[in-house]
Amino acid sequence: MTNDITFEQKLENYADLTIKLGVGLQAGQRLAIRAPLEAAPLVRLLAKKAYQVGARLVDVLWHDDALNLTRIQYAPRDSFDEFPAWHLDGLRQVVEQGGATLRIQAADPDLFKEQDPDIVAHVERVFNAHLSPARRISMSNLCNWSVIAMPIPSWAAKVFPDDDPPTQLAKLWELIFRTCRLDQPDPIAAWQQHMARVRLQKDYLNAKQYVALKYTAPGTDFKIGLPTNHIWHGIDAQTNSGITFIPNLPTEEIFTMPHSAQADGVVSSTKPLSHNGVLIKDFVLTFEGGRIVKVSAQTGEKTLRKLVETDDGSSRLGEIALVPHSSPISQTGLLFYSTLFDENASSHLAIGKAYRFCLDHGTDMSDEQFAVAGGNNSLVHVDFMIGSAEMNIDGLMRDGTAEPIMRQGEWAF
Ligand code: ZN
Ligand code: ZN
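Quick note: the sequence shown uses the numbering used here, first residue -15, plus one each step.
Have a look at this one:
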């Protein structure tokens, strides 16, 4: 019934969904797009849709994986503090002036595999430091923004290693279309239904105001506190000025922020984490009083350690997310080597920065007030997967009673 929709039509629908529901672009807004060079045809389609809904100006910050690799290979070893500040200053100006942003994610998961992890981490730290003013605005929901993905050959080859290159690309496109509900006759209506369903779950958890969550699964025995007046979010978000947008396409997760000083126990990863072109596999984090006090990994341990040691906040958590094991992305059974997809296959936590809008009045707080309330601050925010069909999660009430939230990886309320 749905196979008669052509590739071109799905691509057109993808651009339409991205601009109207993803970014939620409003007439009169500017749109800044960050995209890899390979995305040029999609960017042109997105720009057309943006102008059709009344965008004043669509501007693009292009980047190129190959150039980033060349720099790390050949630039002087003492040059990695250099940064073209005008790049991200431009992005900051757009969001400060009420514009919207869109990022198209398409990266080779193995790009930096052979490179020195110290240099890769250094380059990432410098980039994040420059991005942080603009990110602070978007993470406070002061502007509308979205992140979508697009297949490139190196990424598609990693997801489907046994196919020939054209098939790899075609298969990854189909997966993106399916997980973004673009195989449905009316994708926008399908998303509106999805949002309504998730709204009921968010409302339930927000009314409960559990003081902590308790996770049990093979290799995981972990308790994490939730700050007073935490807010569960999921699928869609609203800017302070009332614009509704979907920060990630696709998305299945419901998330909030943990208390940065209340995490104790052991957590084991259930999926590899692809970070800075390095695959970190089978890792275990041990927490005491909110801090990661022990890190071990089967592979990629050095990269994981560098990530945790980025700054003070990178040894603490900034996000708790719940995803049922039966989610469409989980059902593909694939590892996407991309957080945008893999985080929607599994319940997860994030190392680093917390989203201020996960706390009542969090966006109005000073850095100090947010920290006192339990909010974590860091240059990094990296999700890692801990959910499985064997995971049980309980919500702990103020009086210590436990209520089931998930059983065997599925919603239990
Ligand atoms: Zn997440
Ligand atoms: Zn996250």
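Note that the Cβ used here is the ideal one computed from N, Cα and C, for glycine as well.
- With contact defined as three or more Cβ pairs closer than 8 Å, the stretch 356 to 371 and the stretch 228 to 235 are not in contact.
- Rounded to whole angstroms, the Cβ separation of E237 and E374 is 19 Å, and the two are not in contact under 8 Å.
- For N376, the enclosing beta strand (DSSP E) stretches over residues N376 to L380.
- Going by DSSP, D73 is part of the alpha helix (DSSP H) stretching over A69 to E80.
- By the criterion of a C-beta distance shorter than 8 Å, A140 is surrounded in its chain by P149, Q152, L153, K155 and L156, once the five residues flanking it on both sides are discounted.
- Within 7 Å of the C-beta of A221 there is not a single heavy atom belonging to ligand 1.
- Proximity of the stretch 104 to 123 to the stretch 269 to 283 falls short of the contact definition, fewer than three beta-carbon pairs being nearer than 8 Å.
- W175 carries a helical assignment under DSSP once its states are collapsed to helix, strand and coil.
- Counting every other CB atom within 10 Å of its CB across the protein chains shown gives W70 a total below 16, marking it as exposed.
- Going by DSSP, M123 is part of the alpha helix (DSSP H) stretching over P101 to M123.
- DSSP, reduced to helix, strand and coil, places W157 within a helical segment of the structure shown.
- Secondary structure of T204 (DSSP, three-state): strand.
- Taking 8 Å as the cut-off, the beta carbon of R14 is found no closer than this to the beta carbon of V104.
- Inter-residue distance for K337 and D73 is about 21 Å (C-alpha atoms, whole angstroms).
- The Cβ-Cβ distance between G82 and A16 does not fall below 8 Å.
- Per DSSP, reduced to three states, the secondary structure at I3 is helical.
- F239 has its Cβ nearer than 7 Å to a heavy atom of ligand 1.
- Bounds of the alpha helix (DSSP H) holding W139 are P137 to V143.
- According to the DSSP assignment, S258 belongs to the beta strand (DSSP E) that extends over L257 to H259.
- In this structure, the straight-line span from the alpha carbon of R28 to that of F368 is close to 33 Å.
- Straight-line measurement puts the Cα of E(-8) at about 47 Å from the Cα of S350.
- With contact defined as three or more Cβ pairs closer than 8 Å, the stretch 372 to 388 and the stretch 185 to 197 are in contact.
- Taking every protein chain shown into account, the CB of Q89 has 16 or more other CB atoms within 10 angstroms, so this residue is buried.
- In the three-state reduction of the DSSP assignment, K97 falls in the coil class, being assigned neither a helical nor a strand state.
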